[in-house]
Amino acid sequence: MFIPLYDTNRLRHIRLQYVTIGLIVVNALVYCATALGGENFSNAAVLGLGFIPAVVHDTAELDPRFIVVPESLSYLTYSFLHADIFHLGGNMLFLWVFGDNVEDALGHIRYLIFYLLCAVAGAAFQGLVAWDSQVPLIGASGAIAGVVVAYLILYPRVKVWVLAFARIPLRIPAFIPLILWVLFQVVMFAAGGEDQISWACHIGGIIAGAVLVLVLRSRGVPLFAGPDEDAAIAAPEQPQVAAEPVTPDPPPRWGRGNASSSD
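The opening residue of the sequence shown carries number 22 in the numbering used here; numbering runs sequentially from there.
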């Protein structure tokens with residue numbers, strides 16, 4: 022539908038979005054490690070670290086050779102795996118454009134907690150919808166969905182550059198593409214869209230992001246903020262002050278010696 026490119030939204034409370042950068046680096050490193058390890062290693066990582074509802078809910082057992090972490094940890098570990106470079110690149114692009122300002126509004130620690138809880142919510146909702154599924158869930162989409170809806174709630178009127186239909190550059194208020202994005206996820210989930218995409222995971226992240234941003238945002242951070250110029254407060258008008266003091270004319274003196282010069 023659209024590809025985010027850039028937003029005109031400066032950081033107000035932090036100097037650097039190092040949690041967002043760190044998440045991008047970790048996701049990229051995990052992808053490189055699994056890709057360079059070969060197909061067998063990659064498949065083993067997906068089975069061992071991906072979220073498999075049937076395994077978590079004890080309706081199926083995972084081959085002991087693939088057990089890497091406790092089942093409960095797969096609610097998180099799945100979100101750092103990606104199927105291919107396009108899957109990784111799309112998620113990280115959304116995180117890069119929108120994550121820094123959400124981190125700015127929440128603070129570093131609360132933002133990390135927010136991100137991880139959105140990932141957990143995405144897996145949990147997928148597990149509820151497909152309780153007995155043995156298909157591994159991977160990808161950061163649940164967490165990214167939470168970041169996107171948090172940005173929508175915090176900064177709906179900020180201008181963003183997007184590529185509409187992957188080819189038309191537009192600079193428009195954030196609420197236009199982001200609301201369309203959220204509606205698209207809801208429609209695809211309701212319609213039972215493509216099997217290879219977990220729309221339920223997206224919905225779980227959206228719900229968690231919408232609730233958590235209200236709870237975790239820093240004190241004084243407003244909702245539904247606009248561009249920076251909207252936040253500017255006009256200085257009260259100051260009374261005009263003369264640049265130099267005005268000396269009154271001396272009072273006239275009567276009598277001798279007060280004759281004025283004549284032309």
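The beta-carbon is built from N, C-alpha and C at its ideal position, and this holds for glycine as well.
Using the C-alpha atoms, what's the distance from residue j back to residue i?
i, j, result
"D125", "L173", "14 Å"
"W117", "V141", "20 Å"
"D105", "R31", "32 Å"
"P17", "S162", "The structure shown does not extend to residue 17, since the chain is modelled only from 22 to 284, so the question has no answer here."
"M113", "A164", "11 Å"
"A66", "Y52", "10 Å"
"G225", "G120", "18 Å"
"F72", "R178", "36 Å"
"G143", "V207", "14 Å"
"L175", "L191", "21 Å"
"F196", "P91", "40 Å"
"I134", "F205", "26 Å"
"R36", "I88", "40 Å"
"F107", "L244", "33 Å"
"A212", "G43", "35 Å"
"R188", "G110", "17 Å"
"V46", "S154", "30 Å"
"H223", "R86", "30 Å"
"Y132", "D84", "35 Å"
For the alpha helix (DSSP H) holding residue i, just list the boundary residues, first then last.
i, result
"Y99", "Here Y99 belongs to no alpha helix (DSSP H), and DSSP marks it neither H nor E."
"L204", "F196 to A212"
"F16", "Shown here, the chain extends from 22 to 284; a query on residue 16 therefore has no answer."
"I73", "No alpha helix (DSSP H) contains I73, which DSSP labels as neither H nor E."
"L173", "S162 to L175"
Please state the DSSP three-state secondary structure of residue i.
i, result
"D28", "strand"
"V181", "strand"
"L233", "helix"
"V156", "coil"
"L190", "The sequence shown places Pro at residue 190, not Leu. Of the three classes helix, strand and coil, the one that applies to P190 here is strand, per DSSP."
"F107", "helix"
"F245", "coil"
"L83", "coil"
"L37", "coil"
"Q217", "coil"
"R131", "helix"
"V118", "helix"
"I88", "coil"
"S239", "coil"
"H78", "coil"
"A126", "helix"
"A151", "coil"
On the DSSP bridge assignment, give the partners of residue i in chain order.
i, result
"F23", "A185"
Return yes when the Cβ of residue j is within less than 9 Å of the Cβ of residue i, no when it is not.
i, j, result
"S63", "L158", "no"
"L201", "F23", "yes"
"T98", "W152", "no"
"V242", "L127", "yes"
"V156", "Y27", "no"
"A231", "V170", "yes"
"Y136", "V40", "yes"
"L70", "S93", "no"
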